[in-house]
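Residue numbers (the working numbering): 62 to 626.
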């Protein structure tokens, strides 16, 4: 948890899960929203460290300063709504919060995720598989302790700021719109080439509005939910009765899901996407990972690398919604070809061979999120150097800086010179680094990036809650410290600068559309990576941090894990 978790301020409802990623073999971390984090803080804990492996399935029960391990054999194999009901019944409390894995985590799907309250996912890096490997089905939490703050009056005033802002029903940060959540910009993404289509191959998706947040609102939306103490309400809850029944307990699809299981698989059937999303929640599978892996399999199938004999009779053409839904379940159960695809695109491509590797869109083994690096050049560099594999959260989104307000905001970080959208020179690389540090700061504070607090307001919140007189410089160094520690961890695990690279797909233009003549230039990317390493005080060829930088950050001890320089 973060230092301000549990305090009723908007955007403060997140929690983090970390471990060694089964996808990349390196640093793994993921964050999710909801109510679990606040409940854990009220139970008297800031962190849970799980070591070793249980002999049989268990769940952890944490309540008001106490913790106990309970038998979970009777709920192992269940979907998470069913197991949550049983846990709450056993504990005689329907307000117990749960963080769980479903059959996908139990079956060690490498991109399995961890989900709390049935619909808030810590989605990336395979942390659900880590829980499954430990035979830990769930963590159940209940707390009644009040979270104490340094300045209660100031906290109340700050909380009111965002409540008043939200009452105007505004746009949030990034793509979050009032009453729509994420996914409201599908047509704009097509017009700019930013909507991944058919495994990032194509640039035109014929009917983007069919899978947009607006269409969800107008057809199948039940309500918008929120996270702890947040007035923004960006979480969709959908209900579908036919042709597939979708349980509203499991929420609804976000932008990444709409794109990964929709356009990237060539599918414009909104109800099918919602069904696949529900299955991902039940099985606790990352929608980005599974959507990208299915898209990879579809392209292999269309190119004759996979056949119906390989797929168990499934016609894995792009656009086949029935096959996509079936494949999600096969992956969650590790049945048939689902067992292979549960390994993720990198390992699946290696095992398939026959040229399948060229269709595997991943960085370091983690599938690429639903944002286009041929359009967003600095984002692409951010994908390449990310310690977790491709990630869109601790990154920059170049197109945000089309707006003058974005440049105004980063002036507080000392960024005074603007850089063009297509630039990948020193100014843009510096901007990427600083935006990465501030995004990591949000991950450490566990504040949601969709709630548009300014940097000064975040400092005020920290001061009001903790009493710490923090500065933005101090908090930026926190982000830098995290990046360096993650870098050393990865080097220790055998990840090198060769892995700081984009997949081959992005070095070629899209087949049609706005980016049909645009591709990432490998020489430009290599030069930008060298600039990035220099600015980070890492060796410009190997990417190994210099001991002096680690000592300046107060973590000189981690240099002992590095090869001799």
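Beta carbons are placed, not taken as given, at the ideal position from N, Cα and C, and that holds for glycine.
Residue 76 by DSSP, collapsed to three states: which one?
Looking at residue 76 - three-state DSSP - the assignment turns out to be strand.
On the three-state DSSP scale, how would you describe residue 511?
If DSSP states are grouped into helix, strand and coil, residue 511 belongs with coil.
Nearest candidate by alpha-carbon position, reference residue 377, set 396, 355, 203 and 284:
Residue 355 is the option with its Cα nearest to residue 377.
Among 403, 623, 289 and 537, whose alpha-carbon lies nearest the alpha-carbon of residue 600?
Across the set 403, 623, 289 and 537, the C-alpha of 623 shows the shortest separation from the C-alpha of residue 600.
Following the continuous alpha helix (DSSP H) through residue 468, name the residue where it begins and the one where it ends.
Unbroken alpha helix (DSSP H) run through residue 468: 465-471.
Please state if the CB of residue 143 and the CB of residue 158 are separated by a distance shorter than 8 angstroms.
Contact flag unset, no.
Beta carbon proximity, residue 432 to chain D, threshold 8 angstroms
The chain inventory of the structure shown lacks chain D, comprising one protein chain alone.
Complete alpha helix (DSSP H) runs within the segment 113-172 (minimum length 4 residues, chain order)
Listed in chain order, they are 141-152 and 164-167.
Ends of the alpha helix (DSSP H) at residue 547?
That run of the alpha helix (DSSP H) goes 533-553.
Range of the contiguous alpha helix (DSSP H) that encloses residue 401:
Its alpha helix (DSSP H) spans residues 398-402.
Contacts around residue 483, its chain only, beta-carbon distance under 8 angstroms, and the 5 residues preceding and following it disregarded:
Contacts found: 438.
Can you give, in chain order, each stretch of the beta strand (DSSP E) that sits fully within the segment 230-299 and has at least 3 residues?
With a minimum length of 3 residues, the continuous beta strand (DSSP E) runs that stay inside the segment 230-299 are 282-286 and 296-299.
Return the CA-CA distance between residue 359 and residue 611, expressed in angstroms with no decimal places.
In this structure, the CA atom of residue 359 is about 45 angstroms from the CA atom of residue 611.
Residue 298 and residue 283 - do their beta-carbons sit closer together than 8 angstroms?
Cβ distance < 8 angstroms, so residue 283 and residue 298 count as in contact.
Which whole runs of the alpha helix (DSSP H) in the segment 309-350 are 4 residues long or more, in chain order?
If you keep only unbroken alpha helix (DSSP H) runs of at least 4 residues inside the segment 309-350, you get 316-321 and 331-344.
Please report the straight-line C-alpha distance between residue 271 and residue 541, rounded to a whole angstrom.
Those two C-alpha atoms are separated by around 41 angstroms.
From what residue to what residue does the beta strand (DSSP E) around residue 483 run?
Counting along the chain, residue 483 falls outside any beta strand (DSSP E), and DSSP gives it neither H nor E.
Test item: CB-CB of residue 402 and residue 392 under 8 angstroms:
Yes, Cβ-Cβ distance for residue 402 and residue 392 is below 8 angstroms.
Alpha carbon to alpha carbon, how far is residue 442 from residue 263? Give it in angstroms, no decimals.
Cα-Cα distance, rounded: 21 angstroms.
Residue 421 beta carbon less than 8 angstroms from that of residue 212:
Taking 8 angstroms as the Cβ cut-off, residue 212 and residue 421 do not qualify as a contacting pair.
Quick check: what's the CA-CA separation for residue 558 versus residue 605?
Taking the straight line from one Cα to the other gives about 8 angstroms.
So residue 203 and residue 154 are in contact, right, with Cβ under 8 angstroms, and what is the actual spacing, rounded?
At roughly 6 angstroms, the Cβ-Cβ gap stays under 8 angstroms, so residue 203 and residue 154 are in contact.
I'd like the span of the alpha helix (DSSP H) that includes residue 198, first residue to last.
Here residue 198 belongs to no alpha helix (DSSP H); instead the beta strand (DSSP E) covers 197-203.
With DSSP run on the structure shown, which of helix, strand or coil describes residue 224?
When secondary structure is reduced to three states using DSSP, residue 224 falls in the helix class.
Sufficient close CB pairs (3 or more, under 8 angstroms) joining the segment 449-456 to the segment 473-481
The segment 473-481 and the segment 449-456 do not touch, with fewer than three beta-carbon pairs separated by less than 8 angstroms.
Would you tell me roughly how many angstroms separate the C-alpha atoms of residue 146 and residue 161, rounded to the nearest one?
So the alpha carbons of these two residues sit roughly 12 angstroms apart.
What does the alpha-carbon distance come out to for the pair residue 365 and residue 409?
Spanning the two alpha carbons is a distance of roughly 15 angstroms.
Could you tell me the boundaries of the alpha helix (DSSP H) in which residue 568 lies?
In the DSSP annotation of this structure, residue 568 is not part of any alpha helix (DSSP H), being labelled neither H nor E.
Inter-stretch contact at 8 angstroms, needing at least 3 Cβ pairs: the segment 580-599 / the segment 521-538:
Segment contact: the segment 580-599 against the segment 521-538, fewer than three CB-CB distances shorter than 8 angstroms; contact not assigned.
Terminal residues of the beta strand (DSSP E) in which residue 91 lies
Boundaries of the beta strand (DSSP E) harbouring residue 91: 88-93, taken from the DSSP string.
Starting from residue 619, follow the alpha helix (DSSP H) in both directions and report where the run begins and ends.
It is not in any alpha helix (DSSP H) - residue 619 carries neither H nor E in the DSSP assignment.
Using the Cβ count rule (16 or more neighbours within 10 Å means buried), how would you classify residue 463?
Residue 463 should be labelled exposed.
Residue(s) in a DSSP beta bridge with residue 177:
According to DSSP, residue 177 bridges with 160 and 181.
Tell me the residue span of the alpha helix (DSSP H) that contains residue 588.
Judged by DSSP secondary structure, residue 588 falls within the alpha helix (DSSP H) whose first and last residues are 583-596.
Whose C-alpha, out of 92, 397, 350 and 238, is nearest the C-alpha of residue 83?
Looking at 92, 397, 350 and 238, the one whose alpha-carbon comes closest to that of residue 83 is 350.
Those runs of the alpha helix (DSSP H) which lie wholly inside the segment 360-438 and span at least 4 residues:
Counting only runs of 4 or more, we get 369-372, 382-394, 398-402 and 406-413.
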